[in-house]
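*Asks:*
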Amino acid sequence: MNEPKPALGEAATTQSGDPLVGAQLGEYTVQHVIGSGGMGIVYRGVQPLIEKSVAIKVLLWEIARNPEEVQRLLAEARLVNSIRHRGIVDIYAFGETPDGRSYLVMELLEGDPLDKVIAERAPLVAAEVFGILDEVCDALSAAHGAGVIHRDLKPNNVFLVNPKHGARYVKLLDFGLAKKTLKPGGSASPTRASIVVGTPYYMAPEQARAQDVSPQTDLYALGVLAFELLTGKLPFEAPTPFEVIALHLNQEAPRVRSLEQSVPEELDEIVAQLLSKDPADRPSSAAWVRRELLRIRNRMQTDATQLSRAKLPERKDEGGAAPQPGIEPGSVPLAPPADVPEDSAAAVATVPLPAPEATAEPVSPATPTVGGMTSKYGVASCHLAHDTPQDQPIPVAPLQRPGMVWGVVAFVVVVLAALLVLLAANPRIAALLPFDFPAIHVPALVVSEDLFEGMEPVVDPSPSPPHALPPLAAERPATEPERPRPPKVDPPAQAKPLPLPTEPRTQVVARPVDPPRRARPEPFQASKNRLLTRIDSHMTRLEDEAKKPGKGLDSLWYATLNKLRQKADQAKAPPELREVEQTVREYEKTRR
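In my numbering, the protein residues as written are 10 to 601.
1. Within the continuous alpha helix (DSSP H) that includes Phe236, where are the two ends?
2. Starting from Asp578, trace the alpha helix (DSSP H) both ways and give me its first and last residue.
3. Using a Cβ-Cβ cutoff of less than 8 Å, which residues in the same chain neighbour Gly561 once the five nearest sequence positions on both sides are dropped?
4. Check each candidate in Glu78, Gly156, Asp108 and Pro132 and name the one with the smallest Cα separation from Leu239.
5. Please say whether Asp183 and Asn166 have beta carbons closer to each other than 7 Å?
6. Where does Asp326 land, buried or exposed, given buried means 16+ other C-beta within 10 angstroms?
7. CA-CA distance, Leu82 and Ala73?
8. Could you check whether the segment 108-118 touches the segment 209-222, counting it as contact only if at least three pairs of C-beta atoms, one from each stretch, sit closer than 8 Å?
9. From Ala577 to Leu541, what distance separates their C-alpha atoms?
10. Taking the alpha carbon of Ile97 as the point to measure from, which residue in Arg266, Lys180 and Ile279 has its own alpha carbon closest?
11. Nearest CA to the CA of Pro273: which residue from Val39, Arg543 and Val138?
12. Give me whichever residues DSSP pairs with Ile1 in a beta bridge.
13. How many Å lie between Gly559 and Asn435 at the Cα?
14. How many angstroms separate the CA atom of Pro164 from the CA atom of Val222?
15. Look at Val79 and Ser111 and say whether their C-beta atoms are less than 7 Å apart.
16. Looking at C-alpha atoms only, which residue of Pro288, Phe251, Ala235 and Thr249 is the closest neighbour of Pro263?
17. In chain order, what residues of the same chain have a beta carbon less than 6 Å from the beta carbon of Lys286, not counting five sequence neighbours either side?
18. Helix, strand or coil for Thr314? Go by DSSP, reduced to three states.
19. Once the 5 residues before and after Tyr567 are set aside, which same chain residues still bring their CB inside 6 Å of it?
20. Let me know the secondary structure DSSP gives Ser62 once reduced to three states.
21. Output the residue ranges of the alpha helix (DSSP H) runs that lie fully inside the segment 231-301 and measure 4 residues or longer, sorted by chain position.
22. Run the CB neighbour count on His159, radius 10 Å, all protein chains shown included, and call it buried at 16 or more, exposed below.
23. Can you give me the C-alpha to C-alpha distance between Arg543 and Pro584, rounded to a whole angstrom?
24. Count the C-beta pairs between the segment 135-151 and the segment 56-65 that are closer than 8 Å, then say yes if the count reaches three, no if not.
25. Tell me which residues share the same chain as Thr250 and place their Cβ nearer than 7 Å to its Cβ, disregarding the 5 neighbours each side in the sequence.
26. By Cβ distance below 7 Å, which residues in the same chain neighbour Tyr178 in space, the five residues on each side in sequence not counted?
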């Protein structure tokens, strides 16, 4: 065979010691070795134009010389591309190296093989096992639907991909031993009579006997895989592969719960069915296994949710006081629905929970319950008031009403209104306040002359409006006789209306007279005026003392007082005024 001709120069070949590192295989450039196995070496490659990273699987020299192995590699590429599933590694190309070895260009995966995860962390928790088995069953179901049987399902061929973005997912690898059936879901004959292929620790009895294989053959390997994930151990172990195969053929597999008590019984039963010796006793398909796993997982999640809701802690005071009256210990308060009007939501009912019983049966999901909680593990049920037995009293606690709050608000408004009326009616009281209270002027009133006899009338020069009362007899001509007043009529008799006069008369209008009110300056201005007066008095005193014989003007203090007066006169706010007043007080203490 010809020697390989690296496309990237001799330097790469010499440095790595591998003739393919740096070589060009088709449109891909070989970069470095990723790993190796019994069949070949896996390299990391790249498509230089679009910079797409790939994995390149190249057969070993001794394997590549066998035409059957070359055909098996080509068959793997064809089978994988016939499935086209997200959970199965994708194969992009098939070719031959310059030295004559066959290779596959595959999808490059970043993550860990399942055997590494088992070695580091097994046994895994049930929730993680459910997720892994669910995706493996999905990939197997797609392969079986395409008529492909894997025949070598094991942890090393299950890869947990950790993408840079998104959640982890599972990929099924290495379909090199896969077998194509005549029809989807059917069985396939072995490659050659008396030839056993596969891994002994995960091999089904019919596969070990070189009999026809079927989808149930992969399901047996799935059972071994599930057993190892849940317990961290294999169901059968022996010093040699032949002894392991003999155990698979003749000995019943142990139950998972015999090694790991935390595993749910239903999951243990599924694994036991997968490990049945007879393919007819195993589940019918990977899709059925997936549905059962999903049902068990959902049931476990529901039970866990109900258990956490039912175990409500009893509320106590800090001093360990007894529960509130009207609410029994262990009862669950049921709030009224949100759409119920406030008037009808008169109480909050509490339903006491019965004591847990070990023999309590789970309630079917089809049972119509409202707000109910049911658990298989002795957790009591909780229903609304109409589902409660009649012999169990339901304490009722009244709801708090906001009426008291509105009553207080109304009282405050009334008090404020009364205070405003009092201030409006008493200007003298309003004058004592530190702020001006606006005066309320009462409009002019037209009243009867009986109320103002003996008072000097005020003549309104404007003509009487059409709707005004008739003019009173305050000023009548001397020649006109005085009209007698109408007699008083006791109620409920109707008083006779006064006859309308024929001559216009003077109208008397009584106007309320406001009490004399001295204009009062604003509090700030008043304080400023008082302070200026004090400073002026001190300056006048200094001037008077300077006029005395033998005395002169104290120019220092006089200038200081003059500056203080200017500062007080220019003050715009109370703090500035208080600062000047403090200095004046210091002066007064000094001059005493």
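C-beta atoms are modelled at their ideal positions from N, C-alpha and C, and glycine is treated no differently.
*Replies:* Reading off the structure:
1. Pro224 to Thr240
2. Ser564 to Asp578
3. Ala555
4. Pro132
5. yes
6. Legend: pLDDT at Asp326 = 48, less than 50; position of this residue unreliable, no value from coordinates given.
7. 10 Å
8. no
9. 7 Å
10. Lys180
11. Val138
12. Within the shown structure, residues of the chain are numbered from 10 to 601, placing residue 1 beyond reach of any answer.
13. 58 Å
14. 20 Å
15. yes
16. Ala235
17. Pro214
18. helix
19. Leu551
20. strand
21. 250-259 and 274-283
22. buried
23. 18 Å
24. no
25. A small fix is needed here, since residue 250 is Pro in this sequence, not Thr. Closer than 7 Å at Cβ, skipping near neighbours: Pro209.
26. Glu144 and Val170
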